[in-house]
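Enquirer:
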Amino acid sequence: MVSSLLKTDMAGLHLKTPLIAASGTFGFGIEFADLVPLEQVGAVCVKGLSLTPSCGNCGQRVVETPSGMLNAIGLENPGCAYFLEHILPKLQTFDVPVIANIYGHSIEEYAAVAQALDVNGVSAVEINISCPNVKQGGLAFGTDPQTAAKVVKAVKANTHKPVITKLSPNVTDIVALAQAAEEAGSDALSLINTLLGMKIDIRTHRPVLGNMVGGLSGPAVRPVAVRMVYQVAQHVRIPLIGMGGVERVEDVVEMMMAGASAVAVGTANLYQPDTLLTLTRELQDYCVREKVSCVQDVVGQALPQGKQSMPYFQKKEKV
Amino acid sequence: MTKMLEKAPVLLQQPLDEKTFRLRLGAAQIARQVQPGQFVHIKLLAPGGSLLRHPFGVAAVDVDGGTLDIIYRVTGPFTRVLTTLAVTNEVSVLGPLGQGFDLSAQRALLVGGGTGLAPLLFLSARLGSSKTDVLIGGKTETELFWQDLFRPFVGHAFVTTDDGSCGTRGTVMAVLPGLLLKGYDRIYTCGPSPMMKAVAHECMLRRIACQVSLEKYMACGLGACLSCTCQGREKRMKICTDGPVFWSSEVTEW
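This is the structure:
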């Protein structure tokens, strides 16, 4: 059983815990069911889905780097029709909210995927406008505030679900993107996606990844993520899902103190598949030890005026 | 088959040649379940060790003793750290993972090179010497400790070396065509891709069923990250969960 201390209500989602499995690192959840009781997970954000199946990139797709890894999977996925017919029914047998991560090669495709996934069994939609590994789509939509806003509006117009926009760190001003997504109607923000990087094999004189560049994740990016959550939290009225290199309970607390209402675990699932289970137990212990009456009290504590620095909470109090 | 995580003590670290080692781990639950051809995904727990796990085919198990062995070659930072582990050290073991070999062969020839021979060693122990022969391909005679490892489990051990220092000179393909005339109903192969591709092609010509064990850089080992997918004859395949063992007729990417 999960302690009620961890209960997290956010963007219309009622989560047992603030701990979410990040898209692309937890498959469709079922792959981890032997190792993590899914009903104890806050939510499972599934692998990015497109309208039609995609094979992803050629060549080597992952490589380890100092305290992290680069990936260039290229959003391989079976497409949303296959997901709806063959995967979602299995996932629904577990008592866990499902967040459908979606991407498209055009604004119309984002809209179509959102519409296709506007079904029972999907609790929310996360828009991926920040994947560095596909040429069209992905990052192209996530670096320009106006384009990002168009994608968010198109998705909002085609779904009844809460919409979460996943932001790219590969921008000069993350706050501008966050505000654009908020104004376009996004109900929450996920940050951060991976940082664009490269590794070269000095024996072959070639980049290691088939795609040449890839997305950097893991503990190496954690300080970047914390900084961005901290910045964005002070400028938007919607809740944040913080992610980037979270592996220990201290990292969860840090991300929440920076202003994240929920925290997603990504790369750690790949190297320590029971991380979400361990973190759930340890976050509970943390609340008890620190005499926190509810985990949500931790959110924003590191900001200049604590929660008062977050427009998200100011809005709530006025209501 | 349930996947499990076990904190496994190192029980034996045995050098087999200059760069190849046998590591015995105490992982009773995984040892009880693992089948030949399946693999375990190992994480170093020592500070400064790699972040990601590395996959290793299981080379031997002792179900009663609760141990499993891997045989690894030093190729990079991960395996360099592995060599420093001694009794009293621990690693994290995830397994059993993947699909193992089909065990229905009546007369099997195992064809392997390098550490690809490790999962075949476990297979030979399970099939037994009355129905199993092995063809060992090596660069030079110093690698041929494999003959000693296989001796208890096979009828015949055929050997080739690139430099001719032991057995027939050349690759396994120097002798395979002749061996395929001897009534084997199944070939199992694991080793470098060009070797497996050549073996599979030769088996296809002789209409002998062949299973291959593929390898590709992977992260999770659970079918989630999609680092190790490849295009199969009928569908996309994940090497970690649909394989690593495939019928050669399913494989289009080597």
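Chains L and X supply the protein sequences, listed in that same order. Under numbering that gives the first Met the number 0, the first residue of the first sequence carries the number 0, and numbering increases by one thereafter. Under numbering that gives the first Met the number 0, the first residue of the second sequence carries the number 0, and numbering increases by one thereafter. Cβ atoms here follow ideal geometry from the backbone N, Cα and C, with glycine treated the same way. These numbers come from a predicted model, not from an experiment.
1) When you compare the CB positions of X:ALA117 and X:ALA156, do they come within less than 8 Å of one another, or not?
2) Which residues of the region 212-231 of chain X have a Cβ closer than 9 Å to any Cβ of chain L? Give them in chain order.
3) Where does L:THR16 fall in DSSP's three states?
4) Give me the chain X residues within the contact set of L:MET197, using Cβ-Cβ distance strictly less than 8 Å, ordered along the chain.
5) Go to L:LEU176, then tell me how far its beta strand (DSSP E) extends in each direction, as first and last residue.
6) Could you name the residues of chain L that X:ARG52 contacts, counting a contact when the two beta carbons are closer than 7 Å?
7) For a cutoff of 8 Å on Cβ pairs, would you count X:LYS42 as touching chain L?
8) Determine the extent of the beta strand (DSSP E) in which L:LYS165 is found, giving its start and end residues.
9) Which bits of chain X does L:VAL61 rub up against, with CB to CB less than 9 Å?
10) Let me see if you follow: with CB-CB separation under 8 Å, is X:LYS2 close to chain L or not?
11) Along chain L, in chain order, which residues have C-beta atoms closer than 7 Å to that of X:LEU93?
12) Can you find a CB in chain L that lies within less than 8 Å of the CB of X:ARG235?
13) Taking the beta strand (DSSP E) that X:PRO95 falls in, what are its first and last residues?
14) Hey, how far is the Cα of X:GLY112 from the Cα of X:VAL73?
15) Residue range of the beta strand (DSSP E) that L:GLU125 falls in?
16) Between which two residues does the beta strand (DSSP E) holding L:GLY213 run?
17) Exposed or buried, what is X:GLY115 when buried is set at 16 or more other beta-carbons lying within 10 Å of its beta-carbon?
18) Can you give me the Cβ contacts of L:ARG205 inside the same chain, cut-off strictly under 8 Å, excluding the 5 residues immediately before and after it?
19) Starting from L:ILE237, trace the beta strand (DSSP E) in both directions and tell me its first and last residue.
20) Pull up the distance between the alpha-carbon of X:GLY48 and that of X:THR78, whole angstroms please.
21) Taking 8 Å as the threshold (beta carbon to beta carbon), is L:SER66 in contact with chain X?
22) Does the beta-carbon of X:LEU22 have 16 or more other beta-carbons within 10 angstroms, so that it is buried, or is it exposed?
23) In three-state terms, what does DSSP make of L:ILE72?
24) Kindly say whether L:GLU249, judged by its beta-carbon, lies nearer than 8 Å to any beta-carbon of chain X.
25) Does the beta-carbon of L:LEU18 have 16 or more other beta-carbons within 10 angstroms, so that it is buried, or is it exposed?
26) Select from X:TYR216, X:ALA197, X:GLY169 the residue whose C-alpha is nearest the C-alpha of X:CYS209.
27) Taking DSSP as the reference, what is the three-state secondary structure of X:MET236?
28) Buried or exposed for L:ALA148, please, with buried defined as at least 16 other CB atoms from any protein chain shown within 10 angstroms of its CB.
29) Please identify the residue among L:MET242, L:ILE201, L:ALA179 whose C-alpha is closest to the C-alpha of L:ARG221.
30) Could one say the Cβ of L:ILE72 lies closer than 8 Å to chain X's Cβ atoms, at least one of them?
31) Can you give me the C-alpha to C-alpha distance between X:GLU201 and X:LEU109, rounded to a whole angstrom?
32) Using 10 angstroms around the beta-carbon of L:SER260, count the other beta-carbons present and answer buried if the total reaches 16, otherwise exposed.
33) In the region 47-58 of chain L, which residues sit with their C-beta less than 9 Å from some C-beta in chain X, listed in chain order?
34) Counting C-beta neighbours from all protein chains within 10 Å, is the total for X:LEU84 16 or more, i.e. buried, or is it exposed?
35) State yes or no: is the C-beta of L:VAL95 within less than 8 Å of the C-beta of L:VAL124?
36) Would L:LEU34 pass as an interface residue toward chain X - the criterion being a Cβ-Cβ separation below 8 Å?
Expert: This is what the structure holds:
1) no
2) LYS215, TYR216, MET217, ALA218, CYS219, GLY220, LEU221, GLY222, ALA223, CYS224, LEU225, SER226, CYS227, THR228, GLN230
3) coil
4) In chain order: nothing, as chain X lies at least about 16 Å away.
5) Segment 173-182 is the alpha helix (DSSP H) holding L:LEU176; no beta strand (DSSP E) there.
6) TYR270
7) yes
8) 162-165
9) LEU51, TYR216, MET217, ALA218, CYS224, SER226, CYS227
10) yes
11) PRO272
12) yes
13) 89-96
14) 15 Å
15) 123-127
16) 212-216
17) buried
18) ILE199
19) Looking at the DSSP string, L:ILE237 is not in any beta strand (DSSP E), and its letter there is neither H nor E.
20) 10 Å
21) yes
22) buried
23) coil
24) no
25) buried
26) X:ALA197
27) strand
28) buried
29) L:MET242
30) yes
31) 14 Å
32) buried
33) PRO52, CYS54, GLY55
34) buried
35) no
36) yes
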